[in-house]
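Q: Before anything else, here's the structure in question.
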């Protein structure tokens with residue numbers, strides 16, 4: 005983008021765009037858009053708007069992470085062919101849903117970068133207020149960059165606004181460099197954001213929770229365990245006694261960060277999951293393998309899956325009429341299982357703590373304790389626990405890929421090349437940097 009922001013920055017409509025878009029119509033200059041502290045806050049809200057896109061947490065991003073894995077499947081009578089490609093792990097670079105994911109995440113990054121560039125010039129903001137605003141924007145930027153890497157691997161790292169036609173050709177940064185920037189952004193965010201507030205905006209412990217996840221993906225297990233412990237011990241969150249209550253209300257004691265949706269800014273998750281007999285589209289359905297993965301008596305089953313006659317469908321997000329379910333991105337249960345996995349894979353596995361964390365989650369689900377002291381068995385138990393605890397929350401594909409388990413577990417993934425989505429065709433065509441190359445195998 006040029007050094008402008010859309011007029012609709014606080015209610016950003018979703019359009020397919022290139023990572024480095026040119027100036028749109030109906031725009032105002034950044035100099036005019038940002039003059040006061042209130043303008044900056046509106047800009048921050050505009051940066052959050054990308055998360056609400058149907059191509060992001062409003063539908064596609066989380067569904068694809070279960071569909072590419074073994075939690076969801078694409079019914080034979082469904083109509084979205086792009087979903088069939090994901091289910092078969094046979095994506096084309098021309099897949100429009102993937103292209104739209106890529107585009108909206110970079111749009112969110114660029115909006116954040118535009119606001120970041122203006123914060124130092126706002127006269128009615130103190131240094132502390134500027135740091136707090138920058139921290140929230142860094143949190144938003146980091147989440148977009150991180151979510152891109154989870155599907156595509158090495159990506160262009162965008163830290164400044166795109167100005168005019170300069171910088172349209174951006175290289176793919178090495179994954180280590182992306183992780184280093186994520187850690188830098190999130191560390192600053194954790195140090196400068198408030199520790200509490202609305203859970204639809206970033207906070208100190210939302211940044212720490214995301215940092216724990218980043219460290220786990222980076223295989224920096226000591227830091228992942230340490231950061232998870234900080235959130236568990238200091239964040240003030242608590243596991244709800246009843247699993248179903250996590251999704252029955254917004255902003256619960258277990259929730260750390262969630263995406264706001266309403267009847268005006270709706271998601272379409274229920275629409276794509278519900279069967280046609282209930283006025284849904286049924287583009288996806290729970291796999292038979294997932295149904296068998298739940299142990300007898302697991303209370304999470306009835307919260308996660310329902311049946312219309314013999315047709316199973318996902319019901320964690322069930323507001324079909326309004327699409328007003330908030331989407332939970334970070335919740336406390338994840339931190340317990342992050343810590344358990346990090347401790348199990350660290351240099352000196354702490355078996356007692358690993359079992360305590362694992363069994364804390366199992367007890368809430370009405371299941372008996374894991375008693376094994378075998379670290380390999382505990383790692384397998386954690387993988388299974390993550391599958392059923394976070395079914396339909398967009399974790400399974402990423403869990404299998406980051407642990408190098410996708411080829412072993414998924415029958416239609418026969419090569420590590422398939423564990424990354426292809427860089428969208430539009431990006432390959434328009435980005436002429438020599439380092440913008442396609443992922444292997446596409």
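Residue numbers (our numbering): 5 to 446. The C-beta atom is built at its ideal place from N, Cα and C for all residues, glycine as well. Since this is a predicted model, take the numbers as computed values, not measurements.
For the beta strand (DSSP E) that contains residue 315, what are its first and last residues?
A: Counting along the chain, the beta strand (DSSP E) containing residue 315 begins and ends at 315 to 318.
Q: For the segment 325 to 344 against the segment 387 to 397, do three or more pairs of beta-carbon atoms, one drawn from each stretch, fall closer than 8 Å, so that the two count as touching?
A: Touching, yes.
Q: Find the nearest neighbour of residue 203 within the set 128, 377, 322 and 254, judged by alpha-carbon distance.
A: With distances taken between Cα atoms, residue 203 lies closest to 254.
Q: Please classify residue 160 as buried or exposed, where buried requires at least 16 neighbouring CB atoms within 10 angstroms.
A: Under this definition residue 160 is a buried residue.
Q: Helix or strand or just coil, what does DSSP make of residue 42?
A: DSSP places residue 42 in helix when its eight states are reduced to three.
Q: Helix, strand or coil: how does DSSP classify residue 355 here?
A: Three-state DSSP puts residue 355 in a helix.
Q: From residue 269 to residue 145, what does the alpha carbon distance come to, in whole angstroms?
A: Going from the Cα of residue 269 to the Cα of residue 145 covers about 21 Å.
Q: Taking the DSSP output, what are the residues bridged to residue 263?
A: According to DSSP, residue 263 bridges with 331.
Q: Compute the Euclidean distance between the alpha carbons of residue 414 and residue 62, then round it to the nearest angstrom.
A: Approximately 26 Å, taken between the alpha carbons.
Q: Three Cβ pairs or more, each shorter than 8 Å: is that satisfied between the segment 369 to 381 and the segment 286 to 302?
A: These segments touch.
Q: Cβ atoms of residue 213 and residue 260: under 8 Å apart, would you say?
A: Yes. Within cutoff.
Q: Pop quiz: residue 374 and residue 359 are said to be a contact at Cβ under 8 Å. What is the actual Cβ separation, rounded to whole angstroms?
A: The Cβ separation is near 6 Å, so the contact holds.
Q: For residue 449, write down the residues that DSSP places opposite it in a beta bridge.
A: Only positions 5 to 446 of the chain appear in the structure, and residue 449 is not among them; the question remains open.
Q: For residue 244, collect the residues of the same chain with a Cβ closer than 7 Å to its Cβ; drop the 5 residues on either side in sequence, then sort them by chain order.
A: Taken in chain order, the residues that qualify are 250, 256, 257 and 258.
Q: According to DSSP, simplified to helix, strand and coil, what is residue 159?
A: The answer is strand: DSSP assigns residue 159 an E or B state.
Q: Since residue 55 contacts residue 263 with CB under 8 Å, what's their CB separation in whole angstroms?
A: Sure, about 5 Å apart at Cβ, within 8 Å.
Q: Can you list, in chain order, the residues of its chain whose CB lies under 6 Å from that of residue 403, leaving out five sequence neighbours each side?
A: So the qualifying residues of the chain are 390.
Q: Comparing alpha-carbon positions, which option in 288, 314 and 295 lies nearest residue 91?
A: With distances taken between Cα atoms, residue 91 lies closest to 288.
Q: Near residue 323, which residues of its chain fall below 7 Å by C-beta distance, leaving aside the five closest residues on each side in sequence?
A: Within the same chain, residue 323 has close Cβ partners 274 and 329.
Q: Would you kindly report the start and end of the unbroken alpha helix (DSSP H) that includes residue 439?
A: Note, residue 439: premise wrong, no alpha helix (DSSP H); not H, not E.
Q: According to the neighbour-count rule (16 or more other Cβ atoms, all chains shown, within 10 Å of its Cβ), is residue 137 buried or exposed?
A: Under this definition residue 137 is a buried residue.
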